[in-house]
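Some notes on the structure that comes next.
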Amino acid sequence: MSLIENKKASFDYEYLETIEAGVELLGTEVKSLKEHHGSLTGAYVAIVGGEIMLLGAHIPAWQEKNAPQNFDPYRTRKLLVHKKEMLALLKSLQTKGLTIIPISLYSKGRYIKAQIAVAKGKKNFDKRETLKKKAVKKDMDRGLRD
Numbered sequence: 289m290s291l292i293e294n295k296k297a298s299f300d301y302e303y304l305e306t307i308e309a310g311v312e313l314l315g316t317e318v319k320s321l322k323e324h325h326g327s328l329t330g331a332y333v334a335i336v337g338g339e340i341m342l343l344g345a346h347i348p349a350w351q352e353k354n355a356p357q358n359f360d361p362y363r364t365r366k367l368l369v370h371k372k373e374m375l376a377l378l379k380s381l382q383t384k385g386l387t388i389i390p391i392s393l394y395s396k397g398r399y400i401k402a403q404i405a406v407a408k409g410k411k412n413f414d415k416r417e418t419l420k421k422k423a424v425k426k427d428m429d430r431g432l433r434d
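The numbering of the sequence shown is my numbering, which starts it at 289 and goes up by one.
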């Protein structure tokens with residue numbers, strides 16, 4: 289069950305490979321995510337000091353009054369992956385034109401997981417093609433419904 293998604297990512301990027309990663313969160317952030325509060329728009333993944341970090345994700349505190357004094361909703365969060373996956377991500381980051389982006393945060397049992405993707409940016413003509421396909425699909429669905 290997806291808690292929050294990065295809807296703009298599929299429009300701006302072409303996914304080459306997806307990976308599931310654990311997320312290190314505070315309790316107040318977990319409660320907030322389970323209420324579907326937060327945003328991945330503009331978020332990205334970087335390797336800092338040999339660890340994979342989620343940067344720019346907005347996850348607010350569940351109750352602002354009960355949040356820690358120095359709570360930052362845009363703080364850097366650590367992603368938990370296996371060593372082999374981390375080495376593969378590092379290798380793909382060194383390739384020119386590739387980046388790692390978060391696609392969604394979802395619950396899996398009692399854990400919160402992040403789906404991240406190695407992605408390549410789309411050009412403007414690719415985006416127009418995506419919009420055309422979306423419009424054709426919408427027309428077909430409308431025709432089938434009538």
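Glycine residues also receive a C-beta, built at the ideal position from the N, C-alpha and C atoms. This one's a predicted model, so the numbers in the text were calculated from it and none came from an experiment.
Fully enclosed alpha helix (DSSP H) runs of no fewer than 4 residues occupy 371 to 382 of the stretch 358 to 408, in order along the chain.
In the DSSP assignment, Ser298 falls within the alpha helix (DSSP H) that extends over 297 to 300. Judged by beta-carbon spacing, Lys415 lies beyond the 7 Å limit of Leu386, meaning their Cβ atoms are not closer than that value. Between Gly330 and Ile347 the beta-carbon gap is near 13 Å, outside 8 Å, which marks them as no contact. Within a 10 Å sphere around the beta-carbon of Arg398 sit fewer than 16 other beta-carbons, which makes this residue exposed.
Judged by beta-carbon spacing, Ala405 lies beyond the 7 Å limit of Leu368, meaning their Cβ atoms are not closer than that value. Taken through DSSP and simplified to helix, strand or coil, Thr329 comes out as coil. Counting along the chain, Glu339 sits inside the beta strand (DSSP E) bounded by residues 339 to 343. By the 16-neighbour rule on beta-carbons within 10 angstroms, Pro390 is buried. With a cutoff of 7 Å on beta-carbon distance, Leu291 and Tyr394 are scored as near each other.
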